[in-house]
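Take the sequence shown: its position 16, counted from the start at 1, is 16 in UniProt numbering, and no numbers get skipped.
From the three backbone atoms N, C-alpha and C, an ideal C-beta is built for every residue, glycine too.
Note that the coordinates shown come from a computational prediction; the quantities given were computed from them, not determined experimentally.
In what follows, a structure is listed as structure tokens, so that the remarks can point back to it.
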Amino acid sequence: MSFSEQFSGKVVAITGAASGIGLATAHLLAERGAKLSLADIQEEALKQVASDIKAKLPEAEVITFTVDVRNFDRVESWTRETVNHFGKLDGAANMAGVLPKSIGLKGIDEQDFDEWNHVIGVNLTGIMHCLKAQLAVIKNTGAIVNASSIAGLIGRVNNASYVSSKHAVAGLTKSAAKESGSRGIRVNAICPRLTDSRSGKIITPMSDASKNMKIDNEPAMKRPGQPREVATVIAFLLSEESSYVTGACIGIDGGWNC
């Protein structure tokens, strides 16, 4: 089977599909034949994504929904509407996430709780909402990929809310894999370093101390990763090529954490 047919007939739901890794995943899976249900909080940007995919691939089947993943009722409604439209759900890529404005600038003793609750609400509770809705309807032998981060595998200075949220996603992913394995459903997480995308650029206003940590902040490959490079790993984890992989948290960081 060629890559262009890898997801032929498969229905995949993607959150965070309007930008970054979610956007790259939407384009890649469409190229490989998937039917897509795209969700994001950015309504106009999401519509543009669907339009761009249809312009490039006129036969592609794409539907969009404006979804704030912190709202379980909306997540559940989107998931069920996806199944009603396509008749099933084969896979999901839960990529919606946020970075705190204070990343690299403020320690735990200065943590703002509104910001903490926002980061935890999107990055962790949002994925819990998606998993709860998806596991209720996903086809046996389906696959789910969650967005953790390389920050979900290590500790980082002045990054408590983000690191905590991403460690928790790793744990949630492993629990979901244990619970759903008997149904043939696989659940994995990707752990990328920040990619060269819109969200990646949010991290630029670092403290002087962080800017001076050149060795720690430079990956072995001496360049930033691209969203498409992460999307290819997501596609692998959603495909039958990874049929015996579940509960894994896969680093995609160009050798930064090695």
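Indicate whether residue 235 and residue 29 have their beta-carbon atoms separated by less than 8 Å. Yes, the pair counts as a contact, with Cβ atoms nearer than the cut-off.
According to DSSP, residues forming a beta bridge with residue 313: No answer is possible for residue 313: it lies beyond the span of the chain, which begins at 1 and ends at 258.
Within 10 angstroms of the Cβ of residue 90, are there 16 or more other Cβ atoms? Answer buried if so, exposed if not. The residue is buried, with at least 16 neighbouring Cβ atoms inside 10 Å.
DSSP three-state call for residue 7: helix, strand or coil? Note: residue 7 maps to coil in three-state DSSP.
Around the Cβ of residue 181, are there at least 16 other Cβ atoms within 10 angstroms (buried) or fewer (exposed)? When all chains shown are included, residue 181 counts as exposed.
Mind checking who residue 94 pairs with in its DSSP beta bridge? According to DSSP, residue 94 bridges with 15 and 146.
Residue 56, enclosing alpha helix (DSSP H) - first and last residue: Per DSSP, residue 56 belongs to the alpha helix (DSSP H) from 43 to 56.
Identify which residue in 251, 141 and 228 has its Cα closest to the Cα of residue 219. Taking only the C-alpha atoms, the option nearest residue 219 is 251.
With DSSP run on the structure shown, which of helix, strand or coil describes residue 74? Helix, per DSSP.
Check whether the stretch 123 to 138 and the stretch 78 to 90 are in contact - that is, three or more C-beta pairs closer than 8 Å. Taking a cut-off of 8 Å for Cβ pairs, the stretch 123 to 138 and the stretch 78 to 90 touch, as three or more such pairs fall below it.
Residue span of the beta strand (DSSP E) that contains residue 297, given as start and end: Outside the displayed range of the chain (1 to 258) lies residue 297, so it cannot be described from this structure.
Flag this pair as touching only if the stretch 48 to 62 and the stretch 109 to 119 have three or more C-beta atom pairs under 8 Å; answer yes or no. Contact annotation: the stretch 48 to 62 does not touch the stretch 109 to 119, with fewer than three C-beta pairs closer than 8 Å.
With 16 other Cβ atoms within 10 Å as the buried cut-off, status of residue 20: Classification of residue 20: buried, given that the 10 Å Cβ count is 16 or more.
Within its chain, find whatever has a CB closer than 6 Å to the CB of residue 24; leave out the 5 residues flanking it on each side and keep chain order. Same-chain partners within the cutoff: 227, 228 and 231.
Under 8 Å between the Cβ atoms of residue 82 and residue 37? Yes.
Residue range of the unbroken beta strand (DSSP E) whose run includes residue 251: Annotation: the continuous beta strand (DSSP E) that includes residue 251 extends over 249 to 252.
What first and last residue would you give for the beta strand (DSSP E) that runs through residue 66? Counting along the chain, the beta strand (DSSP E) containing residue 66 begins and ends at 62 to 66.
So is residue 249 buried or exposed if we call it buried at 16+ other beta carbons inside 10 Å? With 16 or more other Cβ atoms within 10 Å, it is buried.
For residue 221, which residues from the same chain have a beta carbon less than 8 Å from its beta carbon, with the 5 sequence-adjacent residues on both sides left out? Its chain contains 254 and 255 as the residues whose beta carbon lies nearer than 8 Å to that of residue 221, once the 5 sequence neighbours on both sides are disregarded; these appear in chain order.
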